[in-house]
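Asker: This is the structure I want to talk about, given as structure tokens.
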Amino acid sequence: MSRVPAGSQAERKGVVDPKGLSLVSRMEFVARTAVEGLLSGLHPSPYFGSSVEYADHRPYTPSDEIRSIDWKLLARTDKYYVKLYEEQTNTRITVILDTSRSMAFSGSDGITKLDYGRFLAAAICYLALRQNDATGLATFDNAVRSYIPPRSVANHFRHVLSSLEAVTPGEDTRVSNVLKELAGRIPKRGIVVLISDLLDDPESIASGLSLLKHLRHDLVVFHVVDPSERSFPWEKLTRFHDIEGEGRIVANPRTIRAAYQDRFEKFLATLRSTCLERAIGYELALTDQPYDEMLSNYLARRSRLTG
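Set out below in structure tokens:
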């Protein structure tokens, strides 16, 4: 399995890798924090669980259990229908993609964090729609730049792809402000997936995540990191600059590598702890790992956690 960088023969001008999406479409996107209900499509229902009330009907198919047939409706219509319980109704999956200036960074292999996040966002939206769930997309830097409300209609994926295709690196990152704004725009409880390099104040990030958690969304964070941000591989005297600010420094990488790596690992540990303490899914998404492989492995772990 391989990543598909921008400019390759991927569908929709480099946004979607059909091979990758075919792989992840076999996976179930299971909401780990949902404790009630039965597995249905991508998710267990967190709302009505064992309720005997049903929301709608659909025509019977040979794969349906006989016990789900509505016999009273059969008597009235002479047609077979099954009860569509609340556990089987669509959930809403909103993907929030960071398009800030720092996401334009790439290491030696050439793929930017933004491209990696773009492919990952497309895969999640595709998977959701294949499982008949509603999916939406928001992009942001220091503010929300675009928002597509969750829908599950047939042509919705093209709308999502068009938005992903159009994104360009923007301004600096303001994760907390954006999450607080989106908290008022995401209409109902569902799954919220944040794809970002999280280069913002960890306490501010925690504040924004806590608000969405308080609103009973199931949160998943994919923390996009270029491997060179961890390894700091430079050897010669180098001019470094703050990709989201005005800071500049000329330094010998060998003399600052250990201190830098220590701070960066503490940064990663802080963000991971922030998520785990709030029962928020967290995955370190390194851009040298095929995105489809990373996503598939993560979804498999989430599925096992739900039993």
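In the numbering used here, the protein residues as written are 118 to 424. Glycine is no exception: its CB is placed at the ideal position from the N, C-alpha and C atoms.
Considering only the alpha carbon of each residue, which of Asp318, Arg333, Val341 and Pro344 lies closest to Ile397?
Answerer: Residue Arg333 is the option with its Cα nearest to Ile397.
Asker: Does DSSP classify Thr216 as helix, strand or coil?
Answerer: Looking at Thr216 - three-state DSSP - the assignment turns out to be coil, as it is neither helix nor strand.
Asker: When you compare only the Cα positions, how much space is there between Phe381 and Leu412?
Answerer: Those two C-alpha atoms are separated by around 23 Å.
Asker: What is the DSSP secondary structure of Gly398, reduced to helix, strand or coil?
Answerer: Strand.
Asker: Rounded to a whole number of angstroms, what is the C-alpha to C-alpha distance between Leu416 and Leu246?
Answerer: Roughly 16 Å separates the two Cα atoms.
Asker: Using a 10 Å radius around the Cβ and a threshold of 16 neighbouring Cβ atoms, would you call Gly227 buried or exposed?
Answerer: Gly227 comes out exposed.
Asker: Measuring straight from C-alpha to C-alpha, what distance separates Ala402 and Val199?
Answerer: Approximately 41 Å, taken between the alpha carbons.
Asker: For the putative contact between Val284 and Asp314, defined by C-beta atoms under 8 Å, what is the C-beta separation to the nearest angstrom?
Answerer: With a Cβ gap of about 14 Å, Val284 and Asp314 do not count as contacting.
Asker: Please state the DSSP three-state secondary structure of Lys297.
Answerer: Of the three classes helix, strand and coil, the one that applies to Lys297 here is helix, per DSSP.
Asker: Touching or not, the region 231-243 and the region 321-329, by the rule of three or more beta carbon pairs under 8 Å?
Answerer: Because the criterion of three Cβ pairs below 8 Å is not met, the region 231-243 and the region 321-329 do not touch.
Asker: Quick one: what does DSSP say Asp335 is sitting in, helix, strand or coil?
Answerer: Note: Asp335 maps to strand in three-state DSSP.
Asker: Does the separation of the CB atoms of Phe274 and Ile312 fall below 8 Å?
Answerer: Against a cut-off of 8 Å, the Cβ pair of Ile312 and Phe274 comes out as no contact.
Asker: Just grab the DSSP bridge partners of Phe257 for me.
Answerer: Paired residue(s): Asp215 and Val261.
Asker: Closer than 7 Å by C-beta to Ile265: which residues in its own chain qualify, once you throw out the five before and the five after it? Chain order, please.
Answerer: The residues are Gly253, Leu254, His276, Val277 and Ser280.
Asker: Just the C-alpha distance for Asp405 and Ser348, rounded to the nearest angstrom, thanks.
Answerer: When rounded, the distance between both Cα atoms is 13 Å.
Asker: I'd like the span of the beta strand (DSSP E) that includes Ile308, first residue to last.
Answerer: Run containing Ile308: Ile308 to Ser313, per the beta strand (DSSP E) assignment.
Asker: Determine the contact status of Arg389 and Tyr399, defining contact as a CB-CB distance below 8 Å.
Answerer: Cβ atoms of Arg389 and Tyr399: closer than 8 Å.
Asker: Relative to the C-alpha of Thr256, which residue among Arg218, Val270 and Phe222 is closest?
Answerer: Residue Arg218 is the option with its Cα nearest to Thr256.
Asker: Could you tell me the distance, in whole angstroms, from the CA atom of Leu155 to the CA atom of Leu336?
Answerer: Bear in mind that a pLDDT of 26 at Leu155, under 50, signals an unreliable position, so the number given afterwards is only what the model happens to contain. Going by the C-alpha atoms only, they are around 19 Å apart.
Asker: Can you tell me which of the three DSSP states Ala238 falls into?
Answerer: Looking at Ala238 - three-state DSSP - the assignment turns out to be helix.
Asker: Please report the distance separating the alpha-carbon of Phe384 from that of Lys230.
Answerer: Those two C-alpha atoms are separated by around 18 Å.
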